[in-house]
Every structure is written in C-alpha cells, then in structure tokens.
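Q:
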Amino acid sequence: MRLRALLDTDALGLRLLGGEDELDRTVRGVMTTDLKDPSRYLSGGELVLTGLAWRHGAADSEPFVRILAAAGVAALAAGEAELGDVPEDLVLACVRHRLPLFAVHESVAFATITEHVVRQVSGERAGDLAAVVDRHRRMMTSGPAGGGPDVVLDLLGTDLDLRAWVLSPTGRPIAGSKLAGAALPADVSAKLAAELLAAARTGRRGPHRVLVGTTTYSLFPIRSSGRSAAASRDVRETVLSDWLLAVEADAGDWPAERLDLLQGVTQLIAVERDRRDAARTVRRRLAQEVLELVQTGSAPAEIAARLRVAAPVLLPGLGAAPHWQVVVARVEWDGGQIEGGPVAQSLLEEILVDPLTSGPEHSDRIAVAHTGAEAIALVPLPAVSAEHDGSESGILADALLEAVRDPLTAGLNDDGRLTLGVSAAVHSAEGLRGALEEARHARRVAAARPGRVCAAGHQELASHVLLLPFVPDDVRRAFTARLLDPLRDYDRRHRAELIPTLEAFLDCDGSWTRCATRLHLHVNTLRYRVGRIEQLTGRDLSRLEDKLDFFLALRMS
2 MRLRALLDTD ALGLRLLGGE DELDRTVRGV MTTDLKDPSR YLSGGELVLT GLAWRHGAAD
62 SEPFVRILAA AGVAALAAGE AELGDVPEDL VLACVRHRLP LFAVHESVAF ATITEHVVRQ
122 VSGERAGDLA AVVDRHRRMM TSGPAGGGPD VVLDLLGTDL DLRAWVLSPT GRPIAGSKLA
182 GAALPADVSA KLAAELLAAA RTGRRGPHRV LVGTTTYSLF PIRSSGRSAA ASRDVRETVL
242 SDWLLAVEAD AGDWPAERLD LLQGVTQLIA VERDRRDAAR TVRRRLAQEV LELVQTGSAP
302 AEIAARLRVA APVLLPGLGA APHWQVVVAR VEWDGGQIEG GPVAQSLLEE ILVDPLTSGP
362 EHSDRIAVAH TGAEAIALVP LPAVSAEHDG SESGILADAL LEAVRDPLTA GLNDDGRLTL
422 GVSAAVHSAE GLRGALEEAR HARRVAAARP GRVCAAGHQE LASHVLLLPF VPDDVRRAFT
482 ARLLDPLRDY DRRHRAELIP TLEAFLDCDG SWTRCATRLH LHVNTLRYRV GRIEQLTGRD
542 LSRLEDKLDF FLALRMS
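Using the working numbering, the first residue of the sequence shown is number 2, and each one after it goes up by one.
#1: Assign glycine 19 to one of three DSSP states: helix, strand, or coil.
#2: Below 8 Å on the Cβ atoms is my guess for alanine 70 versus histidine 98; work out the distance and round it to an integer in Å.
#3: Output yes or no for whether 8 Å exceeds the beta carbon distance between alanine 443 and glycine 458.
#4: Leaving out the 5 sequence neighbours to the left and right, which residues in its chain are closer than 6 Å to valine 310 when beta-carbon positions are compared?
#5: Would you kindly report the start and end of the unbroken alpha helix (DSSP H) that includes proline 501?
#6: Considering only DSSP beta bridges, list what serine 543 is partnered with.
#7: Which residue wins for smallest C-alpha separation from glutamate 1, given the options Leu402, Val405, Gly19, Gln296?
#8: Note down, in chain order, each residue of its chain lying with its Cβ closer than 6 Å to the Cβ of threonine 502, except the 5 sequence neighbours on either side.
#9: Taking the alpha carbon of aspartate 508 as the point to measure from, which residue in Arg556, Thr526, Leu262, Gln326 has its own alpha carbon closest?
#10: Taking only three categories from DSSP, how would you classify leucine 154?
#11: Between Thr297, Ala376, Ala430, Leu348, which has its C-alpha nearest alanine 306's C-alpha?
#12: In three-state DSSP terms, what is alanine 345?
#13: For glutamate 562 and glutamate 375, what's the separation of their Cα atoms in angstroms?
#14: Once you ignore the five residues that flank arginine 493 on each side, which residues in its own chain have a CB closer than 6 Å to its CB?
#15: Are three or more beta carbon pairs between the segment 513-533 and the segment 435-454 nearer than 8 Å?
#16: If arginine 26 and leucine 4 are in contact, beta carbons under 8 Å, what's the gap, nearest whole angstrom?
#17: Please name the residue in Phe65, Gly80, Pro222 whose C-alpha comes closest to that of cysteine 95.
#18: The alpha helix (DSSP H) that contains serine 62, what's its start and end?
#19: Between which residues of its own chain and alanine 76 is the CB-CB distance below 6 Å, once the five residues before and five after are set aside?
#20: Applying the 10 Å Cβ sphere with the 16-neighbour rule, what's the burial state of threonine 203?
#21: CB-CB under 8 Å to proline 301, same chain, minus the five flanking residues each way: which ones, in chain order?
#22: For glutamine 121, verify whether its CB is less than 7 Å away from any heavy atom of the ligand PLP.
#23: Below 8 Å on the Cβ atoms is my guess for valine 327 versus leucine 349; work out the distance and round it to an integer in Å.
#24: Cβ of leucine 413 within 8 Å of Cβ of valine 454?
#25: With alanine 250 and threonine 217 assumed to form a contact (beta carbons below 8 Å), what rounded beta-carbon distance in angstroms separates them?
#26: Label proline 39 either buried or exposed according to how many other C-beta atoms from any shown protein chain fall within 10 Å of its C-beta, with 16 as the threshold for buried.
#27: To the nearest angstrom, report how far apart valine 291 and valine 266 are at their CA atoms.
#28: Going by beta carbon distance, what residues of the same chain come within less than 7 Å of leucine 157, once the five residues before and after it are set aside?
#29: Confirm, please, whether the CB-CB distance from valine 427 to alanine 440 is below 8 Å.
#30: As a quick exercise: from Asp475, Thr538, Ser169, pick the residue whose alpha carbon is nearest that of arginine 489.
#31: Taking 8 Å as the cut-off, decide whether the C-beta atoms of alanine 104 and valine 87 are in contact.
#32: Quick check on DSSP: helix, strand or coil for glutamine 338?
If you want it as structure tokens, here you go:
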C-alpha cells in the first residue's frame, strides 16, 4: 500500500508534518519502537510508530532519524499522547533526511494503525500471490515446467510469510518451503496426518486446525482433480491416499480471500499429484503382468524374461535385481460395498517407501497391482542384498507399519481394517509363486490379530502362530475362557495382577530370578502368585504342556 492511502484514511488520525513529495512510497509492514537504535529489527519499507520515549533532548532526533533513513523505512509516525505536539527538532531532522513524518492523534491507538496496515498489506500480497499461483497453475497443466510443489510452497513463504509442508497420508514429507527449513519432526507429521484423516472421516470441511504443543497448524486436504470431480463417491475410497497441506498458522480468523488462495494452492499441488499417479501406470502394468504369469503357473523362464524387463524400470541405474519380495495388503470396510483393492494399492505405494525419505520420486521403484480386494506389491531388492539369504535384508513386517500405524488407524476409523503380509526374499523367478503364497498366508495371520492395522512376516510362519488363525472362533473362546477367566475374575476382585505375572513368567522361560527382577518383586511374592495361578486353574507351571497351553491362551485372547 502507499503512504498516500494512509493519509486518506480518516479513522487513522494521521496528520502530515513533512514529506509531501514522498507519499507514493510503498509500505510493506509496520513496526512500533521506542529504542534509540531499532536498526536490527528493520528490513526496509516499514511504517515506524513511536511514542518518543527514546527522546531525552533535541540532540536525540538527528541520530534516530538518520538510522531510520539508512534502513530504508517508508515513513515515521510520532504519537502526540505523551509530549503533545511533535518536537520541531524531529520535524527538521526528517526534512533533512527526506523521511515522511506523520503525527498520530492522541485518541488513536498504535494498535489500530498496525491492524489496518497489516490487513491492507496482507490483502495486497495475497492478490499478487494469487496471480502468481494462477500463472504457475497454467504452466504446470500445460507441461512439466513449474518446479513442483516446492516452488508453490516457497511462494507462500516469501509472499505471505507462511511455513508450509506437503505430507502424505502417513505423514511422510513430500515437499516443504524454504522458509519452513527442516522437515517437521516425524511425530508431529504423523499426528497432523492422523488428525486430517480423522477429520475427513467425519465429513467436516477444511481447513482443520490442530494444536501440537504450543504451535497451531491448519490442514488442507489435497485431492486430485479426477477424484474430487466424483463428489458422489464414498470418502473411504480416497481418504487413505490424499496428500495434505500443513500450514503453521491459525486459519480460523483468515479472510475469505486468503482461504480461497490456499485452496488454489492445494489445487495446484494436486496437478503434481496427478502427474505422479500417471507416471505410475507403467510400473503398475508391469506388476500386473508379472502377477498374472505367477498366478497362472507360467514357466519360470517366461516370468524371468518379464522380470528382466521390469528390473531397469523399477531400479533405474542399479542393474538387475537378484532378489524380490512380495507384500500383500487387504483393506476391508464394514458392509463390504467398497472395493478395497484400489485403496490398498495406493497405500502400498506409500508405505513401502522409506519413511525417512522425502519427495514423491522415492515411490518410483514400487510396483503394485490389485485384484479384487487385494493389492500385491513386487518389491525389487538392490544387488547389495544378494550377500544375504533374505532373512535379515529387505522389508520387515514389524518395521513396515511402525511409522504409519497411528495415521492409518485414524483414517480407518471404526469401520475399516488394513492387514499386510510380507514374504521372504527370493532369488529367482522360480521362487515368486511360493513368495506370493507365503505373503498371503502371513496376511491371514495378521488378520487374526486385534487392531485396525496389522502386519505379519514370513518369520512367523515357522512357529505356533501359523496355526492360530485357523482355530475356529468358538474353540478359541472356550479354550481361553477355561484357562484365563478364573485369573481375570481373581484380578478383578483382589487386584492381584495374576495375568501380568503369568505373561512375565512365561516370557522369562520360567526363570524365578529374572521374572522377579522384571516385576520388581521378591521371589517369595512371585512364588505365591504362581501358586495361586496353579490353584485357580488346576495346572502346573513346571510342566511344559501346561506352559504351552497358557502361552497359546494368552496369544489367542
């Protein structure tokens, strides 16, 4: 805004004392100070407001004005509340340094002037930025120029002083403005993603405001043009795959113009998201072709030939991949009307990316196909993994969901489940069929566990866990009730903690000393509790058979 506009605003109570020829100067901000030397806080273009507390005599005016002029401020406004008329020495100093000077009537608060300037400057910046965003949108929609989401976020930082990040539905950083600096801490990103997914499931319109510690964030969903156009679709079809824009600000008191601008920014970033999805078409097709060959029992030589074609696409620059893993995912919603395959496909393409990496390009080496309610990922392992037998390399089921469980649980709400199974690494095409069946079986093991998001790996298929998913529900309930209900009832009445004691005793392989140390108990107290367990159940915890029964009952409960 111009100085002339301030003078023409009667409500501000400004009276010009000097600088008639400088009224076309642009005001870029406002600052209130009574420091003798405020230069460290000035960046140029400010309207400086002062109550003149720094002035103890006529000699103080010249150095003060000289500092303001050197810093490139737009003008000085002096309040009349303390001294009455503005001192003549200050007027003359401003004339010498060609610095416009205003007097502020004692009835006008500096806060009134500050609010007016900030509102006007922000509005003009938003208008300028809106034009830039519109131009950038046209560039991106017409071709690969434009620079992606980072450029748009940088515009928010430089023009509106907003720190902003683009996050995946699991909280993985996709982009961030230069003003934002480092990526958000992983726990903050995960919480923001979880909050947005939970809000989206309720149908509430954005932006969604979230307080993390002492910082307020405003969250805007980013939906691709293809998905957002189908407004009649169930939110569960897209909620687990939408990106989000997180802005470090409280949008609750933003004017409509700024909210519209941020919505425009999300649409612009969605263009990049659409382009990324389109680029995945080739990888998805390769995965589908390999999967069909494996499932129809094609000759290993034919599968190997297809893998030789796929490897350079999935591992550009790294050559052939001697190892592969298979990951199977299934998303199921109550009612069963929604096909879970496409949702599971998008999720696998996200969660198989290392959560410590950032940017959309890191998902370019994941190939996922879907069939019905199931999604299947073919994951190539770089040549470095060939030194191992596959048991310690590649994807581990427990680590797979560690960083994404909380956000996805919020998105699944109380009517959806995600279960995953991970195979061991295989060295050749001959092993892919077995790896697929292994991953599917591991997923069934995961499905037998409680929780909205569960995973199981090939390591668990060699243990007793292999049998548990296939025990009928009524048998499981009767078995666990017979062994554990007496202990639960006793704990409820006496707060004896027999169940935790039993779990710890079995986990310590029946070692009295280790178990007592873990529970911070005297060994005699532990012996008393174990004796009570045996008395209530009629079992003997020194016998291997009874230990195994208790172990299985705890796992099935």
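For each residue, glycine too, the CB sits at the ideal point set by N, CA and C.
A: Quick look at the numbers:
#1: Against the sequence shown, residue 19 aligns to sequence position 18. Residue state, collapsed to three classes: strand.
#2: As a first step, residue 70 must be located in the sequence shown, where it is residue number 69. As a first step, residue 98 must be located in the sequence shown, where it is residue number 97. 4 Å between Cβ atoms; contact.
#3: Counting from 1 along the sequence shown, the entry for residue 443 is found at position 442. Counting from 1 along the sequence shown, the entry for residue 458 is found at position 457. Yes.
#4: Here residue 310 corresponds to residue number 309 of the sequence shown, with the count starting at 1. Around valine 310: no qualifying Cβ.
#5: As a first step, residue 501 is located in the sequence shown; it is residue number 500 there, counting from the start. Where proline 501 is concerned, the enclosing alpha helix (DSSP H) stretches over 499-508.
#6: If you number the sequence shown from 1, residue 543 lands on position 542. Answer is none; serine 543 lacks a bridge partner.
#7: Past the edges of the chain, shown from 2 to 558, lies residue 1, and the structure says nothing about it.
#8: Locating residue 502 in the sequence shown gives position 501, counting from the first residue. If we look at threonine 502 and ignore the five residues flanking it on each side, its Cβ neighbours are Arg530.
#9: The residue labelled residue 508 in the question sits at position 507 within the sequence shown. Minimum Cα distance to aspartate 508 is reached at Arg556.
#10: Here residue 154 refers to the residue found at position 153 of the sequence shown. Reduced to three states, the DSSP call for leucine 154 is helix.
#11: Locating residue 306 in the sequence shown gives position 305, counting from the first residue. Closest by alpha carbon: Ala430.
#12: Numbered from 1 along the sequence shown, position 344 holds the residue referred to as residue 345. If DSSP states are grouped into helix, strand and coil, alanine 345 belongs with the helices.
#13: There is simply no residue 562 to check, as the chain begins at 2 and stops at 558 in what is shown.
#14: Residue 493 sits at position 492 when you count from the first residue of the sequence shown. None.
#15: no
#16: Numbered from 1 along the sequence shown, position 25 holds the residue referred to as residue 26. Numbered from 1 along the sequence shown, position 3 holds the residue referred to as residue 4. That belief holds up - the Cβ atoms of arginine 26 and leucine 4 are roughly 5 Å apart, short of 8 Å.
#17: Position 94 of the sequence shown, counted from the start, is the residue given in the question as residue 95. The shortest C-alpha separation from cysteine 95 is found at Phe65.
#18: On the sequence shown, residue 62 is found 61 positions in, with the first residue counted as 1. Per DSSP, serine 62 belongs to the alpha helix (DSSP H) from 62-72.
#19: Translated into positions along the sequence shown, residue 76 becomes position 75. Answer for alanine 76: Leu4, Leu48, Pro101, listed in chain order.
#20: Residue mapping note: residue 203 aligns to position 202 of the sequence shown, counting from 1. Label assigned to threonine 203: exposed.
#21: Stepping through the sequence shown from its first residue, residue 301 is reached at position 300. For proline 301, where only same-chain residues beyond five positions count, the Cβ hits under 8 Å are Ser429, Ala430, Glu431.
#22: Within the structure as shown, the ligand PLP is missing, as the structure has no ligands at all.
#23: Taking the sequence shown and counting its residues from 1, one reaches residue 327 at position 326. Taking the sequence shown and counting its residues from 1, one reaches residue 349 at position 348. With a Cβ gap of about 11 Å, valine 327 and leucine 349 do not count as contacting.
#24: The sequence position of residue 413 within the sequence shown is 412, counting from 1. The sequence position of residue 454 within the sequence shown is 453, counting from 1. Result yes, Cβ atoms of leucine 413 and valine 454 sit closer than 8 Å.
#25: Here residue 250 refers to the residue found at position 249 of the sequence shown. Here residue 217 refers to the residue found at position 216 of the sequence shown. The Cβ separation is near 7 Å, so the contact holds.
#26: For the purposes of this step, residue 39 is taken as the residue at position 38 of the sequence shown. So proline 39 counts as buried.
#27: Position 290 of the sequence shown holds residue 291. Position 265 of the sequence shown holds residue 266. Going by the C-alpha atoms only, they are around 39 Å apart.
#28: As a first step, residue 157 is located in the sequence shown; it is residue number 156 there, counting from the start. Only Leu163, Ala165, Ser178, Val266 meet the Cβ criterion.
#29: Translated into positions along the sequence shown, residue 440 becomes position 439. Translated into positions along the sequence shown, residue 427 becomes position 426. No, these two residues do not count as a Cβ contact at 8 Å.
#30: Numbered from its first residue, the sequence shown carries residue 489 at position 488. Looking at the Cα atoms, Thr538 is the closest of the given residues.
#31: Looking up residue 104 in the sequence shown gives position 103. Looking up residue 87 in the sequence shown gives position 86. Contact flag set, yes.
#32: Here residue 338 refers to the residue found at position 337 of the sequence shown. Looking at glutamine 338 - three-state DSSP - the assignment turns out to be coil, as it is neither helix nor strand.
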